[in-house]
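The numbering of the sequence shown is UniProt numbering, which starts it at 1 and goes up by one.
For every residue, glycine included, the Cβ atom is placed at its ideal position computed from N, Cα and C.
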Amino acid sequence: MQALHIIKIGGNVIDNSENLHRFLKDFTALEGYKILVHGGGKVATQVSETMGIEAKLVDGRRITDIDTLRIVTMVYAGLINKNIVAQLQRYGNNAIGLTGADGDFIRAKKRPVKTIDYGFAGDLFDGSINPQNISKLLDGGFTPVFCALTHDGEGQMLNTNADTIASALAVALSKLYETTLVYCFEKKGVLQDINDDDSLIREINPERYEQLKLEQIIHSGMLPKLDNAFTAISCGVKAVIIGHSDDLGQLKNKQGFGTRLSK
Numbered sequence: 001m002q003a004l005h006i007i008k009i010g011g012n013v014i015d016n017s018e019n020l021h022r023f024l025k026d027f028t029a030l031e032g033y034k035i036l037v038h039g040g041g042k043v044a045t046q047v048s049e050t051m052g053i054e055a056k057l058v059d060g061r062r063i064t065d066i067d068t069l070r071i072v073t074m075v076y077a078g079l080i081n082k083n084i085v086a087q088l089q090r091y092g093n094n095a096i097g098l099t100g101a102d103g104d105f106i107r108a109k110k111r112p113v114k115t116i117d118y119g120f121a122g123d124l125f126d127g128s129i130n131p132q133n134i135s136k137l138l139d140g141g142f143t144p145v146f147c148a149l150t151h152d153g154e155g156q157m158l159n160t161n162a163d164t165i166a167s168a169l170a171v172a173l174s175k176l177y178e179t180t181l182v183y184c185f186e187k188k189g190v191l192q193d194i195n196d197d198d199s200l201i202r203e204i205n206p207e208r209y210e211q212l213k214l215e216q217i218i219h220s221g222m223l224p225k226l227d228n229a230f231t232a233i234s235c236g237v238k239a240v241i242i243g244h245s246d247d248l249g250q251l252k253n254k255q256g257f258g259t260r261l262s263k
């Protein structure tokens, strides 16, 4: 079975051109099939302010009204996505920039209104991902670059969490490829002490994870990401790796990059 890496990058890469260029060089150097997933919330907020539109956030989640949807579509699918694709082409990586609407790759449902109306926010569901269509791009020699936008199949674009998209892609494509999901962010991985970069935990299996939670060693902000990671592994993903974007070049050395989560 062909190996596939699905890599999600955060704002610490996107918002810094030097970090982005370094990351994209390392990403291009990775052998085999790969997919890149990105958001771009901070840039969207800056553009919103420039246009006189106030960005609305509740507990860190963006309220996507119609004006905000227009901005995130322009910023995610246009400004950020095409800049990334152009740089990857520069480095010899035949990338293709995508939203979930392109090729009907990712569908979502508009988030139902409960206590908060999140507007045009999209939630994924079983069957959201179209792995057969995506595999045609991978097998054709393309590197898909997905931004954090999906569609509902009725002509409506939806703003969808990039972490969730990356995880759903990994689970769906694990039926066709030996899939590893990689989250790149601003820390070296899962740390025993959030303030000490040298306290990296290299490997965590489900049993050790339960013990670390019991001992309250892992920072609470990391727990949702780890919970989602182990769910992905239980659904067929080979491994989930969490590490710093600057260290991606060490990914081929299993002991050299971040924290590896596996069965």
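How far does the beta strand (DSSP E) with residue i in it extend, from its first residue to its last?
i           : result
residue 52  : No beta strand (DSSP E) contains residue 52, which DSSP labels as neither H nor E.
residue 188 : Premise fails: residue 188 is in no beta strand (DSSP E) and is neither H nor E.
residue 33  : 33-38
residue 259 : 259-261
residue 124 : No beta strand (DSSP E) holds residue 124; DSSP gives it neither H nor E.
residue 206 : No beta strand (DSSP E) contains residue 206, which is instead part of the alpha helix (DSSP H) from 206-214.
residue 239 : 239-244
residue 151 : 149-151
residue 144 : 143-146
I'd like the span of the alpha helix (DSSP H) that includes residue i, first residue to last.
i           : result
residue 18  : 17-29
residue 161 : That residue, residue 161, is in no alpha helix (DSSP H); it is neither H nor E in DSSP.
residue 232 : 223-234
residue 14  : 11-14
residue 131 : 131-139
Near residue i, which residues of its chain fall below 7 angstroms by C-beta distance, leaving aside the five closest residues on each side in sequence?
i           : result
residue 26  : 248, 249
residue 159 : 62, 64, 69, 72, 120, 121, 122, 148, 149
residue 91  : 24, 25, 28
residue 131 : 172, 173, 175, 176
residue 222 : 190
residue 1   : 177, 178
Do residue j and residue i have their beta-carbon atoms positioned less than 8 angstroms apart in this structure?
i           : j           : result
residue 118 : residue 64  : yes
residue 77  : residue 169 : no
residue 80  : residue 147 : yes
residue 98  : residue 144 : yes
residue 163 : residue 8   : yes
residue 189 : residue 243 : yes
residue 6   : residue 38  : no
residue 178 : residue 238 : yes
residue 205 : residue 262 : yes
residue 175 : residue 100 : no
residue 191 : residue 33  : no
residue 133 : residue 153 : no
residue 260 : residue 203 : yes
residue 21  : residue 87  : yes
residue 35  : residue 106 : no
residue 241 : residue 256 : no
Once the 5 residues before and after residue i are set aside, which same chain residues still bring their CB inside 8 angstroms of it?
i           : result
residue 55  : 44, 45, 48, 49, 62, 68
residue 141 : 94
Taking 6 angstroms as the limit between beta carbons, can you name the residues of its chain near residue i, skipping five residues before and five after?
i           : result
residue 167 : 228, 232
residue 10  : 185
residue 219 : 194
residue 75  : 40, 43, 44, 47
Under a CB-based cut-off of 8 angstroms, is residue i close to chain B?
i           : result
residue 257 : Looking at the structure shown, chain B is missing, and only one protein chain is on hand.
Which runs of the alpha helix (DSSP H), 4 residues or longer, sit entirely within the segment 62-107?
66-72, 81-90
Does the segment 125-139 touch the segment 15-22, meaning 3 or more C-beta pairs lie closer than 8 angstroms?
no
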